[in-house]
Amino acid sequence: MRFSRNAKKLYTQGSFNAKFYTKTMKPFITYIFLIALIGSVFQINAQQKSTKKAHDLFNNFAYSEAIDSYKKIIKKGNGSFEIYKRLGDCYYYTSNLKDAARWYDKMWKRQEEIKTKAKDVSTLEDQTEESFNISAEYYFRTAQSYKFMKRYKASDSLMVLLKSISSEDSRVKRLIEQPDYLDKIALQSGRYSIKNISQNSLGVDFAPSFYKEEIVFSSSRSNKSSVKKNTWTNQPYLNLYKFTNSDSLELNYSLKLPETLNSKFHESTSSFSKDGKMVYFTRNNLSGAKLGKDSLGVSHLKIYKASLNQEFEWNSIKELPFNNNQYSVAHPSLNADGTKLYFASDMPGGYGMSDLYVVEINKDGTFGNLQNLGPGINTEGRDSFPFMSKSGILYFASDGHLGLGGFDVFAIGLNDRDKNVYNLGEPVNSAADDVTFIIDDRSKKGFFASNRSGGKGSDDIYSFEETKPLVTICKGSFKGIVKDQKSGNVIPETKVEIKNQEQEIIYKGLTDFKGVFSLELDCADQAYEITLAKKDFDTKVQKISFSRDEPKKEQILNLKSNLPEKGTDLAKLLNLEPIYFASNKALVIGNTAKELDKIVAFMKENQSIRIEIGSHTDSKGKDSYNMKLSQRRAKSTANYIISKGIDSSRVKSRGYGETILINKCGNRVECSKDEHALNRRSEFVVLDN
2 MRFSRNAKKL
12 YTQGSFNAKF
22 YTKTMKPFIT
32 YIFLIALIGS
42 VFQINAQQKS
52 TKKAHDLFNN
62 FAYSEAIDSY
72 KKIIKKGNGS
82 FEIYKRLGDC
92 YYYTSNLKDA
102 ARWYDKMWKR
112 QEEIKTKAKD
122 VSTLEDQTEE
132 SFNISAEYYF
142 RTAQSYKFMK
152 RYKASDSLMV
162 LLKSISSEDS
172 RVKRLIEQPD
182 YLDKIALQSG
192 RYSIKNISQN
202 SLGVDFAPSF
212 YKEEIVFSSS
222 RSNKSSVKKN
232 TWTNQPYLNL
242 YKFTNSDSLE
252 LNYSLKLPET
262 LNSKFHESTS
272 SFSKDGKMVY
282 FTRNNLSGAK
292 LGKDSLGVSH
302 LKIYKASLNQ
312 EFEWNSIKEL
322 PFNNNQYSVA
332 HPSLNADGTK
342 LYFASDMPGG
352 YGMSDLYVVE
362 INKDGTFGNL
372 QNLGPGINTE
382 GRDSFPFMSK
392 SGILYFASDG
402 HLGLGGFDVF
412 AIGLNDRDKN
422 VYNLGEPVNS
432 AADDVTFIID
442 DRSKKGFFAS
452 NRSGGKGSDD
462 IYSFEETKPL
472 VTICKGSFKG
482 IVKDQKSGNV
492 IPETKVEIKN
502 QEQEIIYKGL
512 TDFKGVFSLE
522 LDCADQAYEI
532 TLAKKDFDTK
542 VQKISFSRDE
552 PKKEQILNLK
562 SNLPEKGTDL
572 AKLLNLEPIY
582 FASNKALVIG
592 NTAKELDKIV
602 AFMKENQSIR
612 IEIGSHTDSK
622 GKDSYNMKLS
632 QRRAKSTANY
642 IISKGIDSSR
652 VKSRGYGETI
662 LINKCGNRVE
672 CSKDEHALNR
682 RSEFVVLDN
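The opening position of the sequence shown corresponds to residue 2 in the numbering used here, with each subsequent residue numbered one higher.
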């Protein structure tokens, strides 16, 4: 190829430039690449350090600080499934369900993105087991967060999905068994008038308890400019305060309890003895003046008790013997006579994240064995903050029972036959956390705490007055005694079927040997239909009703026998054709046999019947002859019936001859053939049944 000079010059210059690039620029580019690579490595390391720091804060329950750390990571565009999940948890554990719902939504969305993009598990960006399989608890937490937002349909849908993952979860079972739970909650609503009390602060105020003429409560308020805060909520530590319990709460001031009860860490939920000389309360696990911690560095809650000395000072503070450094025991509540202590704990062996327990307090002050209150009360969720009223009703807070969102307050009568758990409804319960409910049974007044919107602080105490009683399911008992209407004898093995107002069969059974059946029924102004069926008796359908004023019933139910009474002629009852015999004969033949077969069939259906076969003649012929003839015919008829399978003990035969005529056609009386024929008859008279 030929080049012009200029072209050659350019080419030569180009060749020079290429050499310059090769010898000079290539090392420079490599240097730039290495700097970028090193910067990227530093950036990755910084990101990993930030993530590790956030995770460490989370694992040490410093949720308020962890929230800030996770948000900074997300702001830099480094959000991941695990970070969204943990950020949602931070808000969930600090009772901010609105923000919990937001980040749980992002967690679910991220999971779907990963599933969509991934062709193989090994190609996932988030290579964690949770990326594909969100644990059952996150279905529940998201559902609870949705309830706070009043997204009830979305919440219930998630709970139904939870069934496929954890079919034995009692929270799912309750939803499936009670799809109308919101209607039931609405039935309880409107029974309280509530008011936010003036003693609330800008911080946390909750856990009211009755103490003589005062209310003791727990608060994070502080009068100091600098105060130690706990890292869980970034709030000051809780201490015990009190105010006078009067109708005019507006004029009352709150006073902090003595330092003997208040430490520099948490004190909350208290319960006082009837004489006011002993208090049980919740406190952080203390080791001297420091927080006591478990093997993982976690400080759990413990129950302590203190006594009031003669100088009216609280002293002799001791922790209860069943406390443990490895789990929490908290939120005590004494029963009316101080013989039982109810509390909450996350000790191993429970049903959920925290369970309710009871322990007997002996006369010498020692304690009996701990007893879990069981699956009727405890759920897979959090069951906590018990309060035992003087009337024996246990009030507690739970996020595992069906509610409006977060913790709701529930009630169950431990001394009643009714073992149902009732949601107290609005306005006590809301979409937020509603806890630490207490009530004076005499005045029907009390207090509870809630972090609902519109309060003064993050958690506020509300006073209330109960204006209507709890609408409970009334369980009544019904005892039925089935008897023969005529004889008064009891009728065993009678079939009993009971239907409710919706015509659903709710009971099937038989009466016992005393003619008795019994069962429990809902007595809340409900009507029932009882059907009684017994062979040889008319079937009877009878209505019974209950009311709350009459929860127990005992009733005699009479059945009318459909068997023929004693003295009844089966020939007439069964509308038999006349039983004829050949003249001077006693053989059963022809149509006579067909009619007798009807008697046989009836006696087989009614095994208790015994009959007398009475044969009668007309007055023609000698009396003695007619008597013998009738006896032969009666005997022949009886033999026929016995030959068809009827026991001989049930059949008696007797010939009457012409002794019982049914008209005037006796000896030496002129009568027509038809008139004489009326006297030639067979009767099948019932002897007994």
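Idealized CB from N, CA, C, for every residue including glycine.
Residue i and residue j closer than 8 Å at C-beta
i, j, result
"Leu560", "Leu577", "no"
"Ile580", "Thr593", "yes"
"Asp619", "Arg669", "no"
"Ile612", "Arg655", "no"
"Tyr657", "Ser616", "yes"
"Leu357", "Ser329", "no"
"Asn379", "Tyr352", "yes"
"Thr437", "Ala187", "no"
"Asn61", "Gly298", "yes"
"Tyr281", "Lys306", "yes"
"Leu564", "Asp537", "yes"
"Lys500", "Glu530", "yes"
"Val205", "Gly458", "yes"
"Gly406", "Arg192", "no"
"Gly510", "Lys484", "no"
"Leu574", "Ile600", "no"
"Val410", "Asp435", "yes"
"Gly481", "Phe518", "yes"
"Asp400", "Gln145", "yes"
"Ile439", "Phe211", "yes"
Integer Cβ distance of residue i from residue j, believed to fall under 8 Å
i, j, result
"Glu214", "Asn246", "6 Å"
"Ile462", "Phe448", "6 Å"
"Ile1", "Thr52", "Coverage of the chain is limited to positions 2 through 690, which leaves residue 1 absent and any answer about it impossible."
"Ser385", "Phe368", "With 8 Å as the limit, Ser385 and Phe368 do not qualify as a contact, their Cβ atoms being about 20 Å apart."
"Leu342", "Ile318", "Between Ile318 and Leu342 the Cβ distance is about 16 Å, and since that is not below 8 Å, they are no contact."
"Asp442", "Ser390", "5 Å"
"Ala639", "Ile614", "5 Å"
"Glu498", "Ile506", "6 Å"
"Tyr105", "Arg152", "Tyr105 to Arg152, Cβ: 12 Å. No contact."
Identity of the residue in the options nearest residue i by Cα
i, options, result
"Trp109", "Ile135, Ser355, Ser96, Leu176", "Ile135"
"Ser609", "Glu566, Phe273, Gln632", "Glu566"
"Lys185", "Asp441, Gly404, Asp523", "Gly404"
"Asp648", "Lys294, Leu321, Lys54, Met604", "Met604"
"Leu163", "Val601, Ile499, Arg634, Tyr140", "Tyr140"
"Asp675", "Phe685, Gly481, Asn664", "Asn664"
"Val491", "Met348, Ile506, Gln527, Ile557", "Ile557"
"Glu138", "Asp689, Asp90, Thr473", "Asp90"
"Phe244", "Ser220, Glu260, Asp57, Phe266", "Ser220"
"Ser535", "Thr473, Asn607, Arg222, Ile600", "First, the amino acid is wrong: residue 535 is Lys here, not Ser. For the residues Thr473, Asn607, Arg222, Ile600, the minimum Cα distance to Lys535 belongs to Asn607."
"Ser451", "Lys196, Lys291, Asp248", "Lys196"
"Gly382", "Glu555, Gln311, Glu66, Tyr94", "Tyr94"
"Asn416", "Asn585, Leu395, Asp400", "Leu395"
"Leu316", "Asp338, Lys278, Thr283", "Position check: residue 316 holds Asn in this sequence, whereas Leu was assumed. If we check each option's Cα against that of Asn316, Lys278 comes out closest."
"Leu522", "Pro322, Gln236, Arg634, Ile545", "Ile545"
"Glu503", "Asn370, Ala528, Tyr626", "Ala528"
"Gln236", "Phe266, Ser255, Val217", "Phe266"
"Asn79", "Leu630, Arg111, Glu66, Tyr105", "Arg111"
"Phe685", "Lys623, Lys636, Gln372", "Lys636"
"Leu662", "Lys76, Lys275, Lys621", "Lys621"
"Lys469", "Lys445, Ile643, Leu203", "Lys445"
"Asn585", "Val542, Lys54, Arg634, Glu551", "Arg634"
Check: residue i C-beta below 7 Å from any heavy atom of the ligand ZN
i, result
"Thr437", "For the ligand ZN, the structure offers nothing, since it holds no ligand at all."
For a minimum of 4 consecutive residues, which ranges assigned as the alpha helix (DSSP H) are wholly contained in the segment 559-611? You should have 571-574, 591-606.
3 or more residues per run - each beta strand (DSSP E) lying fully within the segment 411-443: Complete beta strand (DSSP E) runs here, min 3: 435-441.
Do the segment 166-181 and the segment 431-438 touch if we need at least three Cβ pairs shorter than 8 Å? The segment 166-181 is not in contact with the segment 431-438.
Under 8 Å: do the segment 95-102 and the segment 70-84 share three or more Cβ pairs, one atom per stretch? Touching, no.
Inside the segment 497-542 only - beta strand (DSSP E) runs reaching at least 3 residues: List check, beta strand (DSSP E) in window: 506-511, 517-523, 528-534.
Ignoring anything shorter than 4 residues or poking outside the segment 616-685, list the alpha helix (DSSP H) runs there in chain order. List check, alpha helix (DSSP H) in window: 624-644, 674-680.
How about the segment 321-335 and the segment 254-272: do they share at least three Cβ pairs that are nearer than 8 Å? These segments touch.
Hey, which unbroken runs of the beta strand (DSSP E) at 3 residues or more fall wholly within the segment 302-355? Here the runs fully enclosed are 302-309, 315-320, 330-335, 341-346.
Runs of alpha helix (DSSP H) lying entirely within the segment 57-128, each at least 4 residues, in chain order: Runs found: 64-76, 82-94, 98-118.
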